[in-house]
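In UniProt numbering, the protein residues as written are 1 to 163.
Report on the structure given below.
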């Protein structure tokens, strides 16, 4: 597993670290993470019906995602949430710790990254540093440099919302 702080430092990616109690949901984060000057994110680790493709979809923290609509938006058949075992295998993390930074552990490029265009309009993002006991604030330029360093392309899409 990647030491995310070492990785960010080696690649000159700026960040602010904020420690807090463990959080597993956006609701818990709203209560336990201090107000930060960056967009809150919700991260969905998904797989296709056959389990051959895996996806990390990042949206604004308050967005309710329409999974059927998302299936069309990312160009696959039926999708479902990836199991904790798949999450550990592909991103090297436990449930509750999912964030854009987890692609640092995806050396095989097995996970496709999709980011909601509405979220990408922000200048900085809140990300777990591969554990759910801290939140990092990373500027968009830092996230772009991070994706470049990991070899991951972020596909910007309009993630459909549930009504």
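Just so you know, even glycine gets a beta-carbon here, dropped at the ideal spot from N, CA and C.
Asked: First and last residue of the uninterrupted alpha helix (DSSP H) at residue 81; Found: Looking at the DSSP string, residue 81 is not in any alpha helix (DSSP H); the run it does join, the beta strand (DSSP E), is 79 to 81.
Asked: Spatial distance of residue 28 from residue 97 (CA atoms); Found: 13 Å
Asked: Residue closest to residue 152, alpha-carbon to alpha-carbon, out of 101, 129, 119, 139; Found: 101
Asked: Three-pair Cβ contact test at 8 Å for the segment 125 to 138 versus the segment 5 to 25; Found: yes
Asked: Terminal residues of the beta strand (DSSP E) in which residue 154 lies; Found: 154 to 157
Asked: Span separating the alpha-carbon of residue 46 from that of residue 54; Found: 6 Å
Asked: Short Cβ contact (8 Å threshold) for residue 126 with residue 50; Found: no
Asked: Exposure of residue 150, with buried meaning 16 or more beta-carbon neighbours within 10 Å; Found: buried
Asked: Ranges of the alpha helix (DSSP H) found wholly within the segment 18 to 62, counting only runs of at least 4; Found: 26 to 32
Asked: Cβ-Cβ distance between residue 2 and residue 104 below 8 Å; Found: yes
Asked: Neighbourhood of residue 62 by C-beta distance below 6 Å, restricted to the same chain and skipping five residues each side; Found: none
Asked: Helix, strand or coil at residue 113 according to DSSP, with G and I counted as helix; Found: strand
Asked: Check whether residue 66 and residue 161 have beta carbons under 8 Å apart; Found: yes
Asked: Distance, residue 129 Cα to residue 89 Cα; Found: 17 Å
Asked: Those residues which DSSP pairs with residue 126 across a bridge; Found: 137
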